[in-house]
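For the record, the sequence lines run as chains A and B. Just so we're aligned: the first sequence equals residues 1 to 196 in our numbering. Just so we're aligned: the second sequence equals residues 197 to 392 in our numbering. Every residue, glycine too, gets a C-beta built ideally from N, C-alpha and C. As the structure is a computational prediction, the values presented were derived from the model and not from experiment. Comments concern the structure below.
Number of protein chains: 2
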Amino acid sequence: MVVASPVRERKKRETWRLVHAAALRLMTERGFDAVSIDDIVAAAGISRRTFFNYFAGKESVVFDPDPDDPALWAALLTERPAGEPLWVSLREVLIGYTTAAADRMLLQRRVRLASPELAGCSRELADQFWVAARDWAADRSGLDELHLDLTVNAARTVLNTSCPHWDADTGITGLHELIRAGFAFVTPSLPERITS
Amino acid sequence: MVVASPVRERKKRETWRLVHAAALRLMTERGFDAVSIDDIVAAAGISRRTFFNYFAGKESVVFDPDPDDPALWAALLTERPAGEPLWVSLREVLIGYTTAAADRMLLQRRVRLASPELAGCSRELADQFWVAARDWAADRSGLDELHLDLTVNAARTVLNTSCPHWDADTGITGLHELIRAGFAFVTPSLPERITS
DNA sequence: GTGCAACTTGCACTCAGTGCATGATTCCCG
DNA sequence: CGGGAATCATGCACTGAGTGCAAGTTGCAC
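This is the structure we're talking about:
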């Protein structure tokens, strides 16, 4: 899955995780607004300018996926059995992804609790993931653009709504229960639609 | 509906609309990022500092509701007949609101088309509206918090998904058709739930 | 080891957003 | 009608996000 490990690739991932960890640690302590980018780069031991080589902005450091995540969600999407209903596939991929990324979900949750100013960001999972999910669903379902977007965005809303209601003390399985409940409650009319 | 017309209230609304109109005109021409706040205040003939007395930030000038809107949506919400299913009520309030605010919906759409950088803002209607809708639905439905949020956020997603698919040449009724289609396609399981 | 490509860094700059102090306008009440 | 209080507009100075550029550094291939 990983390329081979040219030194550059490895260092980049290490740096990404170093900066990410430093930033989220500071933010859980002080809150998002109270942590400046200068604070982050000082804690991570890199230059201010390098921060922007890794992250497009301050919010990105909270919500961007780990460098390994795209491979992860690509695997989760492709391993869904043919014939499985689209809505079920989306639910299971979300459960699989949040399981694999449980640590970061918990971290994000703690940052949010310490940062009321992030309320109304609704970016629990990176945009890139939803783009990939949309592309995948487009191939498998043959839905028109409108109903495709409605379906994927409905899934996104279920997740984004579940997270604020999630008591992190219940662990990642607590989130999974909320996701299942959400998917059962709000359902697009894809009667017996199959994902090819 | 309006207080009486103390001079101050009238002037504030006039200034709000003046700044709003100037900003959105510039943004349709050049795009969101290419218009600075200095450009806006110059065009509107107010001081830079006064801009922030009216708007919390640059995005607010695009997405904030008109000063008269809260009274409008309050009326739309309260005039829904008792016994109407919650999902229908939300749909009809959205249609009523977008009808009354059709001009601004069209303006916003044009700004978005000129400003790819606004993609992924999903703030078609102001947060305040959705807070009001949530409060109203909480009173009428007696739903628990989770299912309340799932329902209201699903409605929000239907609207936010409809707008990008909306061909503004079809006028506001074109948007209404998309909203109806969306509400029919994604539906929360509120079987015979009535809004008291 | 030499040369190329990728990465890091510092510097200088623009612009969003805020706190504070001050002057102008409106309002209210005697 | 006049004067004090509340509200609003404004200028100024400041912090911090984000970007372009050019120079230095490091890994990689031959």
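Cutting at 7 Å between CB atoms, please list the residues of its own chain near residue i, excluding the five before and the five after it.
i: B:L374; result: S358, H361 and W362
i: B:L272; result: V289, G292 and Y293
i: A:K58; result: I37
i: A:S122; result: N160
i: A:F183; result: W87, R91 and V158
i: B:A235; result: Reading off the sequence shown, one finds Asp at residue 235 of chain B, where the question assumed Ala. Cβ within range, chain order: L222.
i: B:H216; result: V257
i: B:F259; result: R319 and A322
Quick one: what does DSSP say residue i is sitting in, helix, strand or coil?
i: B:P312; result: helix
i: A:V158; result: helix
i: B:P360; result: helix
I want to see whether chain B comes within less than 8 Å of residue i, judged by CB atoms only; does it?
i: A:V111; result: no
i: A:H20; result: no
i: A:G120; result: yes
i: A:A133; result: no
i: A:D64; result: no
i: A:D149; result: yes
i: A:N153; result: yes
i: A:D69; result: no
i: A:L146; result: yes
i: A:D127; result: yes
i: A:V93; result: no
i: A:G182; result: yes
i: A:T157; result: yes
Is residue i close to chain A? Criterion is C-beta to C-beta, closer than 8 Å.
i: B:H372; result: no
i: B:P312; result: no
i: B:F381; result: yes
i: B:S385; result: yes
i: B:G227; result: no
i: B:C359; result: no
Keeping to the same chain, check which residues put their C-beta closer than 6 Å to that of residue i; ignore five residues upstream and five downstream.
i: A:M105; result: T98
i: B:A296; result: L268
i: B:S311; result: G227 and F228
i: A:A138; result: L148
Excluding the five sequence neighbours on either side, which residues of its own chain have a C-beta within less than 8 Å of the C-beta of residue i, listed in chain order?
i: B:P384; result: W283, H343, L346, T347 and A350
i: B:A270; result: A328
i: B:L420; result: This structure cannot settle anything about residue 420 of chain B, because the visible part of chain B is limited to 197 through 392.
i: A:L22; result: Inspection of the sequence shows that residue 22 of chain A is occupied by Ala rather than by Leu. Cβ within range, chain order: I40, A43 and A44.
i: A:E117; result: G31, F32 and D33
i: A:L186; result: Note on identity: in this sequence residue 186 of chain A is Val, with Leu being the wrong assignment. Within the same chain, A:V186 has close Cβ partners A154, T157 and V158.
(message) For a minimum of 4 consecutive residues, which ranges assigned as the alpha helix (DSSP H) are wholly contained in the segment 9 to 90 of chain A?
(response) 37 to 44, 48 to 54, 58 to 63 and 69 to 78
(message) Counting beta carbon pairs with one atom in the segment 108 to 126 of chain A and one in the segment 26 to 40 of chain A, are three or more of them shorter than 8 Å?
(response) yes
(message) For the segment 235 to 250 of chain B against the segment 212 to 226 of chain B, do three or more pairs of beta-carbon atoms, one drawn from each stretch, fall closer than 8 Å, so that the two count as touching?
(response) yes
(message) Closer than 8 Å is the cut-off here; do at least three beta carbon pairs connect the segment 147 to 156 of chain A with the segment 327 to 341 of chain B?
(response) By the Cβ rule, the segment 147 to 156 of chain A does not count as touching the segment 327 to 341 of chain B, because fewer than three pairs are nearer than 8 Å.
(message) Extract the residue ranges of the alpha helix (DSSP H) inside the segment 119 to 157 of chain A, only unbroken runs of 4 or more that lie entirely within it.
(response) 127 to 141
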